[in-house]
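Engineer: I am attaching a structure below and will ask some questions about it afterwards.
Residue numbers (my numbering), protein chains in the order written: chain A, 27 to 489; chain B, 60 to 224.
Next up, the structure:
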């Protein structure tokens with residue numbers, strides 16, 4: 027008990043550490059905030075109906091109650107198996123998921139879809155599946171360090187999942203990107219799950235490799251360069267990212283994998299030179315790709331010169347991007363109000379362009395609130411990483427958090443024309459089953475990490 | 060429903076979203092805006108003295124009849140806070156990255172709960188708490204609680220300190 031001093035715990039992280047003194051306080055805080063998030067979601071659904079149809083319709087009761095039941099099941103599971111987990115992650119994710127469902131429901135109304143045809147119903151079913159998977163993860167994985175042992179299994183899993191869409195007969199090309207696998211009864215994007223497998227592999231690999239990677243090499247041009255033989259892994263990952271770019275035609279996913287690896291390299295070694303080398307390599311690759319691959323070239327042209335008539339009318343041109351920007355513009359500061367805009371004009375408004383739909387109806391104020399929620403989620407994830415007591419846990423928490431952070435950046439950056447448009451999904455908000463399942467697994471792993479961190483502290487300090 | 064009511068409801072919804080954001084911020088306010096032991100977080104390692112954690116009420120009082128005079132001062136001779144002198148007042152001092160340690164050393168090579176200095180029959184004894192990179196007394200890695208003589212270098216991560224009388 028030597029480290030548990032008598033002073034009042036000042037930060038929430040310290041409060042979380044004093045488990046013996048506050049056994050259920052964290053979970054009660056979580057329950058309160060989940061109820062709050064459910065209230066906001068229900069309000070959003072009600073406003074959608076009032077705005078679009080002028081009356082409240084029965085489906086919204088199912089949607090809001092369904093989400094509530096699902097998330098509370100997760101909460102109850104945590105009371106049994108992860109009592110010390112971070113209490114803020116689940117409420118944040120609940121609200122993001124709920125706002126997504128409300129927006130998808132709103133787009134269903136404008137497209138005239140109802141019943142099981144509606145995307146919102148399917149999104150709700152996928153949320154249920156995703157939460158069940160998350161509960162299974164949090165119940166089965168009791169100690170994250172077990173995951174480190176299987177790092178090469180994760181690598182293999184990741185690579186197999188990545189190339190799965192390229193396999194003839196089961197791989198499907200949708201909207202020009204070959205990312206889907208169709209098994210007849212269900213189609214999904216294996217790349218979404220691959221990102222978790224790769225985060226697990228990178229964290230496990232870098233824990234053992236960090237020492238040799240942080241050795242200084244020769245000095246040239248005023249910078250200490252890494253040794254040539256240490257460049258191997260970064261070149262391999264770069265090659266994989268480039269293959270994804272060329273064969274699956276997906277700039278976003280390749281940027282996500284490569285960015286994740288660079289972030290973890292930097293966190294593991296503390297040497298910014300990896301950013302310079304890796305960023306340079308990726309920039310070079312993307313530049314060459316934009317010259318020689320018509321698909322990438324088209325995306326770059328649509329980004330740099332969106333309002334050009336030629337790009338606007340081209341197949342796969344900037345039509346969608348420009349419509350999204352018009353949506354943002356008509357939303358203005360406080361938006362048109364839920365159910366009162368025309369977000370349905372933008373193609374794929376419920377998946378890739380859900381940020382534009384939300385921007386139109388909730389305005390800048392609403393979009394910033396959503397971005398603030400992502401920011402808080404990411405801040406919690408990094409906090410879990412910083413507080414971790416073993417290197418694998420630290421790297422894993424940072425890696426998983428950055429998977430979400432990079433996705434948000436790539437998607438929101440693409441929709442707002444900061445970077446070229448890519449085909450990633452907005453975490454938790456966008457319609458899409460694979461993405462929901464993958465992101466809820468990330469949530470479960472982060473909750474597990476935040477819980478085990480404190481158990482280990484007790485093993486060390488609780489005498 | 061009138062246009063005005065709907066407008067007020069919409070405005071109220073935006074406010075509600077922000078109330079949720081600030082509820083979360085409020086729940087972790089001290090985490091976001093800092094705490095006095097975290098004030099001087101800097102790159103390249105940091106050392107803070109945590110006055111609350113220095114002595115523990117659970118420890119038995121040291122033998123006052125011991126003939127020897129225990130060291131009174133811990134002096135950091137190398138590392139991020141070279142030259143810092145810390146008076147040794149209690150019966151024990153915990154060292155580690157954790158904010159609850161008596162002496163907080165933040166660098167890559169220090170574990171969360173790295174080591175503990177303890178007054179034992181008038182001698183300061185250092186005990187490694189299962190750290191990753193080890194604790195060294197006079198360049199010898201410590202595996203059992205080891206007495207620390209005066210003016211002997213003890214290294215933890217990139218920090219080296221000595222005890223002085």
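Yeah, the Cβ is synthetic: ideal placement off N, Cα and C, and Gly gets one too.
Using the three-state DSSP reduction, which class does residue 194 (chain B) fall into: helix, strand or coil?
Structural biologist: Reduced to three states, the DSSP call for residue 194 (chain B) is strand.
Engineer: Answer yes or no: does any C-beta atom of chain B fall closer than 7 angstroms to that of residue 415 (chain A)?
Structural biologist: Yes, residue 415 (chain A) counts as interfacial toward chain B.
Engineer: So with Cβ pairs under 7 angstroms, would you call residue 80 (chain B) a contact of chain A?
Structural biologist: Chain A contact via Cβ: present.
Engineer: Judging by CA-CA distance, which residue of A:102, A:418 and A:148 is the nearest neighbour of residue 459 (chain A)?
Structural biologist: That would be A:148, whose Cα lies nearest to the Cα of residue 459 (chain A).
Engineer: Can you find at least 3 beta carbon pairs, one from the region 306–326 of chain A and one from the region 260–268 of chain A, that sit closer than 8 angstroms?
Structural biologist: Yes, they touch.
Engineer: What residue range is occupied by the uninterrupted alpha helix (DSSP H) comprising residue 300 (chain A)?
Structural biologist: 299–318 is the extent of the alpha helix (DSSP H) around residue 300 (chain A).
Engineer: Taking a contact to mean a Cβ-Cβ separation below 7 angstroms, would you say residue 161 (chain B) touches residue 129 (chain B) in this structure?
Structural biologist: Against a cut-off of 7 angstroms, the Cβ pair of residue 129 (chain B) and residue 161 (chain B) comes out as no contact.
Engineer: With DSSP run on the structure shown, which of helix, strand or coil describes residue 102 (chain B)?
Structural biologist: Annotation note: pLDDT 41 at residue 102 (chain B) (below 50); position unreliable, coordinate value reported separately. Three-state DSSP puts residue 102 (chain B) in coil, outside helix and strand.
Engineer: Measuring straight from C-alpha to C-alpha, what distance separates residue 322 (chain A) and residue 69 (chain B)?
Structural biologist: Answer to the nearest angstrom: the Cα atoms are 40 angstroms apart.
Engineer: Would you say residue 171 (chain B) faces chain A, with C-beta separation under 7 angstroms as the test?
Structural biologist: By this cut-off, residue 171 (chain B) is an interface position.
Engineer: Three or more C-beta pairs under 8 angstroms: does that hold for the region 187–197 of chain A against the region 386–402 of chain A?
Structural biologist: These segments do not touch.
Engineer: Put residue 174 (chain B) into one of helix, strand or coil per three-state DSSP.
Structural biologist: Reduced to three states, the DSSP call for residue 174 (chain B) is strand.
Engineer: With DSSP as the reference, identify every bridge partner of residue 179 (chain B), one or two as the case may be.
Structural biologist: In the DSSP output, where bridge partners are listed per residue, residue 179 (chain B) has B:182.
Engineer: Can you tell me whether DSSP reads residue 194 (chain A) as helix, strand or coil?
Structural biologist: Correct three-state label for residue 194 (chain A): coil.
Engineer: Using a cut-off of 7 angstroms between C-beta atoms, extract the partners of residue 167 (chain B) located in chain A.
Structural biologist: 296, listed in chain order.
Engineer: Return yes when the Cβ of residue 351 (chain A) is within less than 7 angstroms of the Cβ of residue 126 (chain A), no when it is not.
Structural biologist: Not closer than 7 angstroms, so no.
Engineer: Please determine if the region 68–86 of chain B and the region 54–72 of chain A are in contact, where contact requires at least 3 C-beta pairs separated by less than 8 angstroms.
Structural biologist: The region 68–86 of chain B, when compared against the region 54–72 of chain A, does touch it at the 8 angstroms Cβ threshold.
Engineer: Whole-angstrom Cβ separation of residue 150 (chain B) and residue 177 (chain B), contact assumed at under 8 angstroms?
Structural biologist: So it is a contact: roughly 7 angstroms between Cβ atoms.
Engineer: Mind checking residue 355 (chain A): buried by the 16 CB within 10 Å criterion, or exposed?
Structural biologist: Label assigned to residue 355 (chain A): exposed.
Engineer: Nearest chain B C-beta to residue 229 (chain A) closer than 7 angstroms, yes or no?
Structural biologist: No, its Cβ sits nowhere closer than 7 angstroms to a Cβ of chain B.
Engineer: Residue 57 (chain A) by DSSP, collapsed to three states: which one?
Structural biologist: Looking at residue 57 (chain A) - three-state DSSP - the assignment turns out to be helix.
Engineer: In chain B, which residues lie less than 8 angstroms from residue 392 (chain A) when you measure between Cβ atoms?
Structural biologist: The answer, in chain order, is 73 and 76.
Engineer: Taking residue 328 (chain A) and residue 347 (chain A) to be in contact with their CB atoms under 8 angstroms, please state how far apart those CB atoms are, rounded to whole angstroms.
Structural biologist: Indeed, because the Cβ distance is near 6 angstroms, the residues count as touching under 8 angstroms.
Engineer: So, using beta-carbon positions, are residue 473 (chain A) and residue 111 (chain A) closer together than 7 angstroms?
Structural biologist: Contact: yes.
Engineer: Measuring alpha carbon to alpha carbon, tell me which of B:76, B:65 and B:132 ends up nearest residue 117 (chain A).
Structural biologist: That would be B:76, whose Cα lies nearest to the Cα of residue 117 (chain A).
Engineer: Does DSSP classify residue 156 (chain B) as helix, strand or coil?
Structural biologist: If DSSP states are grouped into helix, strand and coil, residue 156 (chain B) belongs with coil.
Engineer: For the region 102–146 of chain A, list the alpha helix (DSSP H) runs that are entirely contained and at least 4 residues long, ordered along the chain.
Structural biologist: For the region 102–146 of chain A, whole alpha helix (DSSP H) runs of length 4 or above, ordered along the chain, are 115–137.
Engineer: Residue 142 (chain B) and residue 217 (chain B): beta carbons closer than 7 angstroms?
Structural biologist: Cβ distance not < 7 angstroms, so residue 142 (chain B) and residue 217 (chain B) don't count as in contact.
Engineer: Whose CA, out of B:174, B:179 and B:183, lies closest to the CA of residue 189 (chain B)?
Structural biologist: The shortest C-alpha separation from residue 189 (chain B) is found at B:174.
Engineer: Keeping to the same chain, check which residues put their C-beta closer than 8 angstroms to that of residue 479 (chain A); ignore five residues upstream and five downstream.
Structural biologist: Same-chain partners within the cutoff: 410, 413, 414, 415 and 419.
Engineer: On the three-pair Cβ rule with 8 angstroms, is the region 132–143 of chain A touching the region 433–443 of chain A?
Structural biologist: No contact exists between the region 132–143 of chain A and the region 433–443 of chain A.
Engineer: If we ignore side chains and look at the alpha-carbon of each, how far apart do residue 57 (chain A) and residue 234 (chain A) end up?
Structural biologist: Straight-line Cα distance between these residues: approximately 39 angstroms.
Engineer: Does any residue of chain A bring its CB to less than 7 angstroms from the CB of residue 185 (chain B)?
Structural biologist: Chain A contact via Cβ: absent.
Engineer: Could you give the first and the last residue of the continuous alpha helix (DSSP H) run that contains residue 220 (chain A)?
Structural biologist: First-last of the alpha helix (DSSP H) with residue 220 (chain A): 216–239.
Engineer: Under 7 angstroms, Cβ to Cβ, is there at least one residue of chain B near residue 232 (chain A)?
Structural biologist: So, not an interface residue.
Engineer: Can you tell me which of the three DSSP states residue 151 (chain B) falls into?
Structural biologist: DSSP places residue 151 (chain B) in strand when its eight states are reduced to three.
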